[in-house]
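Numbering (our numbering), first residue to last: 184 to 609. In this text, a Cβ means the ideal position worked out from N, Cα and C, and glycines have one as well. Please read all numbers here as calculations on a predicted model, not as lab measurements. The block underneath contains the structure these notes are about, expressed in structure tokens.
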């Protein structure tokens, strides 16, 4: 493809995606505070009744415009295929909104994000298998008198102030305001220019550091880098198709920076289990009660159950499956980095931060970069900026990957059994 042809196609996509203000899927399907208030006023005994305000005529018109643009992007090369996928992703977002509150919503969600039983790399290994493996590995079997020092978590305002200071110190500078937002369902959510923090939430130090890695150094960075792309400003928002890669990058950042603590990873794994239950017909109440039984506070249980039921049907069978793609995204991102970092492909690895993209977009983006139509990312997370620390990490892991660890673990079985028997008498 010629440079001029690529420019023309990029301009077409930029025009159709910039023609109207983009809707925010998560905001459009979020449950308002009234739903939560009514649930607890009723003693937490009734399935919430949720309605969604959808402008169907506007969404249908938008999809017609997008479909015409998609059809105009002819060609079988990586750039044309990628640009059609970019436009199709916005159509898919609109399809989700049009299906809100119906059983069809869950089907479309699985099509876009995958579900609890989606497999990896064509192998008979599923998201739920990874989640259950992690939940078992994280379970403590022995005893120990050693423990971490008691830590008083910081409140939402203190966390917001601390995050603001970190962002202001960032070089090169990045414009990103931190605000308290009572409508925020997660503890913190980052867009391109704003991080919203839930009032009343509390944060341990590892959570605060993890949220900086996840929300700022990943989600805010990719959005800012995408927005400043001269020929592809639409990369500031990748659409649903990029979510598994974006969340995978964010969780990898937590893992690599050693902020992915046990409670956080358990929660990510348990959310896959919640998606599986909802896919099999579990209701909002089933999910809520399970979470409370496992020790969640009533409000946290409500919010986590709502994450899975939002947009779909709270009576079961039609969940929002986005929460099943965090661990899947981490696995795919880790595999990508293992191959590209060990191969010394720093330029290609940096492409992951030139905007909000999916892993399969790298080929097209590399072509655009060679044409001079894609700029390097201005904002890079610490793990990527410190390139020399990445290769040792993956080099060692590559050797461990080839070892059958069962025999190694068996070597320590006797020692583990002795440790278990040495527990002090109650």
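Ranked by how close their Cα comes to the Cα of residue 195, the residues 263, 241, 214, 219 have 263 in first place. Taking the Cα of residue 380 as reference, the smallest distance to any Cα among 386, 387, 372 is reached at 372.
Here the C-alpha atom of residue 375 lies approximately 8 Å from the C-alpha atom of residue 404. Residue ranges of uninterrupted alpha helix (DSSP H) with 4 or more members, entirely inside the segment 543 to 590 and ordered along the chain, are 545 to 553, 565 to 568, 573 to 584. If one requires a minimum length of 3 residues, the beta strand (DSSP E) runs lying completely within the segment 365 to 431 are 371 to 373, 377 to 380, in chain order.
Within the same chain, 355, 408, 411 come within 7 Å of residue 561 by CB-CB distance, once the 5 residues on both sides are set aside. Assigned with DSSP and collapsed to three states, residue 596 falls in helix.
DSSP links residue 360 through a beta bridge to 377. Ranked by Cα distance from residue 464, the first of 387, 203, 532, 502 is 502. Straight-line measurement puts the Cα of residue 607 at about 55 Å from the Cα of residue 420. A Cβ-Cβ contact shorter than 8 Å links residue 387 with residue 336. Residue 588 counts as exposed, since fewer than 16 other beta carbons sit within 10 angstroms of its beta carbon. Within the segment 242 to 297, the runs of alpha helix (DSSP H) that reach at least 4 residues and sit entirely inside it are, in chain order, 261 to 281, 286 to 296. Of 278, 304, 316, the smallest CA-CA separation from residue 293 is found for 278. Beta-bridge annotation (DSSP): residue 501 is paired with 496.
The secondary-structure analysis by DSSP pairs residue 309 across a beta bridge with 302.
In the structure shown, residue 184 falls within a coil segment according to DSSP collapsed to helix, strand and coil. Per the Cβ contact rule, the segment 544 to 554 is in contact with the segment 253 to 270 (3 or more Cβ pairs under 8 Å). Taking a C-beta distance under 8 Å as the contact criterion, residue 280 and residue 423 do not qualify as a contact pair. Excluding its 5 nearest sequence neighbours in each direction, residue 288 has C-beta neighbours in its own chain below 8 Å: 279, 282, 494, 495, 496, 501, 503, listed in chain order. Under the three-state reduction of DSSP, residue 238 is assigned to coil, being neither helix nor strand. Considering only 594, 474, 510, the residue with the shortest C-alpha distance to residue 438 is 510. Shown here, residue 463 sits in coil according to DSSP, grouped into three states, outside any helix or strand.
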